[in-house]
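Chains as they are written, first to last, in the working numbering: chain A, 1130 to 1517; chain B, 21 to 393.
Working notes for the structure below.
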C-alpha cells in the first residue's frame, strides 16, 4: 500500500519523447486508470513506476520516498501480465505461494499457508487450490494471477492491458469479474488500457494520456460530462460523441446557437448558466457535443427538427446505432434494435441542447455544459467526497 | 447477381498419419443453405467452425468432399474458380504494389480483354461507391489499411460478379476504421444489390450487415435466420450464447413444482423464478434443464417487489448504461439498466426476471426446448 507520485517525469528514447513532463499523484488504495490510444505513453509510464525504465528527468516517489535509484525487485511492485503466465505444472496453491517462496520474500510454511488461504478466500478460489491451471476456467485463471500478485502485500499493483488479448465476449466478462474483485485488492492499483469501458468501469480516477502528456485527470463523471477538450470527449463514450459547428446568436435578449443549417436556431436553456459561460468566454464559434444516447429522432415529418436521411442503421445487440446524414454532416444516435428502417429514408432529428457540451472551435477546449443533471451529479460527488 | 444454393456440403481434410475417421473430422458437415438473389448472407462462428472452408469451396479454392454448390442455375463443383463469376476479397488486401489504385482495380478487366473505354467507365462507376475516387493515382504503399481494403473490395466488384465473397475483410482494421468501412459495405450492398457471402467471427459485424446469418460451430450449421430471429429465437444454447453482448445468461436449473406452479431454482441460491405457463406441459417436478435470459430482461424491483433479495456482486457505471452483476450459485448473472440509480457492491436488491423472456435448453444436447403454443 502506498501513495505514488510521479513528479515532472520525462522519458526519452533517442530523439523520441515518450513522456513529456508528466505529473500524477495516485492516492493510497486508489484504483487508478491510465487511458489513451496506442502509442500514448501509458506502458512507458507504468514501466517507470515499476523501475523497468528510469526517467531522464523527474522523480518517482512511493510514500514520499524517492524510487529512481531502487531496482525493480526492491520496489515491492506486483505486475499482472496479459497472458497471466501461470506455472502450468504447479497447482493453484503453489502458483499463489510462489512469490513467498522466492529468495527475496522467503516465508516459513505456516505463513505461506495462512497467506495463500487468505488471498484464495478473498478471491473465491479457495475450492480450487489443488487444481492445475489447465483445469480451471479463464475467469479463475485471472483470479489466480491476481492472487499471486496480492499474496505479498505489494506497494502497488500494476496491470498492463490484462484483458486486451481476449475476444470481445470474454473481455467484457473478465472486466466484470475484475470489478467484482476490486474491493478486495486493498492496495494501490495502476491499470493501463485503451478500452473506454474498462477505464470507466474500473477507475476510481482516470488519467487520459495522449502523445506522452497527461490531458485530463478525473473521475468517470468528470471526464464524461466535463471533458477538458474535444479529444477527451471523443475518447470517452461509445458510440462517439457528435461534434457539430455552432455559432452564438442573440435576439431580443434571448440567446440561441445556430447549428448544422443556416437559420436553424436552438434556444439555450436559461437556468443552466451556460449562457453566462458562453458570453464570458468571448468565443463566438463552437463545436457543440451531443452524446448519441441523448439525440432524439422521428420518421414523421415534424417542424422544428432537422431533416436528414438514414445513412446507416446497425444493430449492436441490445440496441442499435442510427446515423443520420444532415447536409454533409453525420449525426449518430441510439435506437431500438428491432426498428424497421430503410437506408436513405427521411428522418427528423432533435439535438438535445439541454444536454450539450460546448468547446471553443479554435482551441477545442471545454467551455461549459448545459446539462444540469450532469452538473448536479458532479456537485453531489464533490460533496460526498468532502464528507468522507 | 445470382442465387447461391449449397446442398449437403461436406469437407474433410486428409489427416496424414491419423487414420481414424470420426464425425467431427469434417471441417464442414452436411451444410445446406439457400441464398436469394441479391441477399447479404453472413457466415458466423468461432475460429475453426468451417466458415472460411465453406467460402473457399464456393470460390473453388478448395475441393468439395461431398455435396453440391449451385451459382445461379449452374452446378459449379467442377468449374474452375475463374469461371464461377465470383468476386473475392480476403482479410489481406494483396494489392499489386507496383500498380496504381486505378490499375489495381482495372487489373482483372484488362486480363479479360475488356476494352480500355469500358474499363475506365466501370472503374469510374465503382470508385465513388467505395470512396476511392481521389486515390486512383496513388500507389498502394501510401494508403491506410482502410483505404487498401476499399480498393480491394472495389477490385472484387468491378468485374460485376454473380456473387461477392468477403472473408473477414475488416479484421485487420482498428476500431474506428472498421466501423466506418462496415457502414460503407452495407451502403454499397444497398446500392449494387450483389449477392454477398460475408464470413466473420464477430457477431456484431454479422448482426449489423447481414440480411440472414448462418451460425456455424464445429463444421455444423446451428441456425440460419435474420439477425432478430437468431437474437430473439435462438435454436440452441450455442447460438444463444454467441449472439448478443453482453451474452445471454445461461444457468443450470432444477424445476420445482409448488402448489400448481412450476419454478426455476438454482443450486446454492435462493433465487426462484416462476416458469412461464406455456412451458407447463413440458415440465415436471425435479427436471433439470438450462435456462437462458438476456441481461435486458432482468430488473431491479422496487420497494414492493416480490423479487428475490440478492446481493450486488458487481456494479459497473459505463456512462450511458449501467451493468449490475449478481451471483447465482457460482455464476455471475449480468443485467443492464439505463436508469440512473447507483448501487454499491454488497447492497441488497430485489431481482426480477421477465419469465416470459426466458428460454429453455436441454441439459445434454443444448437444443432449445420449445413450448408447443
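The beta-carbon is built from N, C-alpha and C at its ideal position, and this holds for glycine as well.
Here the structure is a predicted model, which means the values were calculated and not measured.
Keeping to the same chain, check which residues put their C-beta closer than 7 Å to that of residue i; ignore five residues upstream and five downstream.
{"i": "residue 375 of chain B", "result": "293, 294, 295 and 296"}
{"i": "residue 165 of chain B", "result": "192, 193 and 197"}
{"i": "residue 1458 of chain A", "result": "1373 and 1389"}
{"i": "residue 369 of chain B", "result": "320, 330, 332 and 363"}
Quick check: is the beta carbon of residue i nearer than 9 Å to any beta carbon in chain B?
{"i": "residue 1452 of chain A", "result": "yes"}
{"i": "residue 1321 of chain A", "result": "no"}
{"i": "residue 1472 of chain A", "result": "yes"}
{"i": "residue 1329 of chain A", "result": "yes"}
{"i": "residue 1458 of chain A", "result": "no"}
{"i": "residue 1296 of chain A", "result": "yes"}
{"i": "residue 1507 of chain A", "result": "no"}
{"i": "residue 1326 of chain A", "result": "yes"}
{"i": "residue 1467 of chain A", "result": "yes"}
{"i": "residue 1231 of chain A", "result": "no"}
{"i": "residue 1308 of chain A", "result": "yes"}
{"i": "residue 1340 of chain A", "result": "no"}
{"i": "residue 1177 of chain A", "result": "no"}
What does a CB cutoff of less than 6 Å around residue i pick up in its chain, not counting 5 residues either side in sequence?
{"i": "residue 1362 of chain A", "result": "1356, 1370 and 1418"}
{"i": "residue 1353 of chain A", "result": "1365"}
{"i": "residue 1398 of chain A", "result": "1483 and 1499"}
{"i": "residue 248 of chain B", "result": "none"}
{"i": "residue 105 of chain B", "result": "181 and 182"}
{"i": "residue 291 of chain B", "result": "328 and 348"}
{"i": "residue 1318 of chain A", "result": "1160 and 1286"}
Do residue i and residue j have their CB atoms nearer than 9 Å?
{"i": "residue 1209 of chain A", "j": "residue 1278 of chain A", "result": "yes"}
{"i": "residue 1134 of chain A", "j": "residue 1188 of chain A", "result": "yes"}
{"i": "residue 380 of chain B", "j": "residue 272 of chain B", "result": "no"}
{"i": "residue 205 of chain B", "j": "residue 171 of chain B", "result": "no"}
{"i": "residue 361 of chain B", "j": "residue 330 of chain B", "result": "no"}
{"i": "residue 220 of chain B", "j": "residue 241 of chain B", "result": "no"}
{"i": "residue 342 of chain B", "j": "residue 359 of chain B", "result": "yes"}
{"i": "residue 1221 of chain A", "j": "residue 1257 of chain A", "result": "yes"}
{"i": "residue 23 of chain B", "j": "residue 57 of chain B", "result": "yes"}
{"i": "residue 1170 of chain A", "j": "residue 1347 of chain A", "result": "no"}
{"i": "residue 226 of chain B", "j": "residue 62 of chain B", "result": "yes"}
{"i": "residue 333 of chain B", "j": "residue 313 of chain B", "result": "no"}
{"i": "residue 74 of chain B", "j": "residue 29 of chain B", "result": "yes"}
{"i": "residue 1330 of chain A", "j": "residue 1300 of chain A", "result": "no"}
Assign residue i to one of two classes, buried (16 or more other C-beta atoms within 10 Å of its C-beta) or exposed (fewer than that).
{"i": "residue 1128 of chain A", "result": "The requested residue 1128 of chain A does not occur in the structure, where chain A is confined to residues 1130 to 1517."}
{"i": "residue 286 of chain B", "result": "buried"}
{"i": "residue 1444 of chain A", "result": "buried"}
{"i": "residue 317 of chain B", "result": "buried"}
{"i": "residue 1339 of chain A", "result": "buried"}
{"i": "residue 1415 of chain A", "result": "buried"}
{"i": "residue 188 of chain B", "result": "buried"}
{"i": "residue 1323 of chain A", "result": "buried"}
{"i": "residue 215 of chain B", "result": "buried"}
{"i": "residue 1085 of chain A", "result": "With chain A represented from 1130 up to 1517, any question about residue 1085 of chain A goes unanswered, as that position is not in the structure."}
{"i": "residue 322 of chain B", "result": "exposed"}
{"i": "residue 373 of chain B", "result": "buried"}
{"i": "residue 100 of chain B", "result": "exposed"}
{"i": "residue 1433 of chain A", "result": "exposed"}
{"i": "residue 288 of chain B", "result": "exposed"}
Tell me, please, whether the CB atom of residue i is closer than 9 Å to any CB atom in chain A?
{"i": "residue 335 of chain B", "result": "yes"}
{"i": "residue 379 of chain B", "result": "no"}
{"i": "residue 227 of chain B", "result": "yes"}
{"i": "residue 28 of chain B", "result": "no"}
{"i": "residue 340 of chain B", "result": "yes"}
{"i": "residue 319 of chain B", "result": "no"}
{"i": "residue 213 of chain B", "result": "no"}
{"i": "residue 68 of chain B", "result": "no"}
{"i": "residue 223 of chain B", "result": "yes"}
{"i": "residue 207 of chain B", "result": "yes"}
{"i": "residue 473 of chain B", "result": "Absent from the structure is residue 473 of chain B, since the part of chain B shown begins at 21 and ends at 393."}
{"i": "residue 384 of chain B", "result": "no"}
{"i": "residue 216 of chain B", "result": "no"}
Might you give, ordered along the chain, the residues of its own chain that have their beta carbon closer than 8 Å to the beta carbon of residue i, omitting 5 neighbours on each side?
{"i": "residue 281 of chain B", "result": "294 and 295"}
Does the Cβ of residue i lie closer than 8 Å to at least one heavy atom of the ligand ADP?
{"i": "residue 190 of chain B", "result": "In the structure shown, the ligand ADP is absent, as is every other ligand, since no ligand is present at all."}
*asked:* Any C-beta of chain B within less than 9 Å: which residues of the segment 1366-1390 of chain A qualify?
replied: 1366, 1367, 1368 and 1369
_Residues, ordered as in the chain, of the segment 1392-1411 of chain A that lie near chain B by beta-carbon distance below 7 Å_ = none
*asked:* Which residues of the segment 342-374 of chain B have a Cβ closer than 9 Å to any Cβ of chain A? Give them in chain order.
replied: 343, 345, 347, 350, 352, 354, 356, 358, 360, 365 and 366
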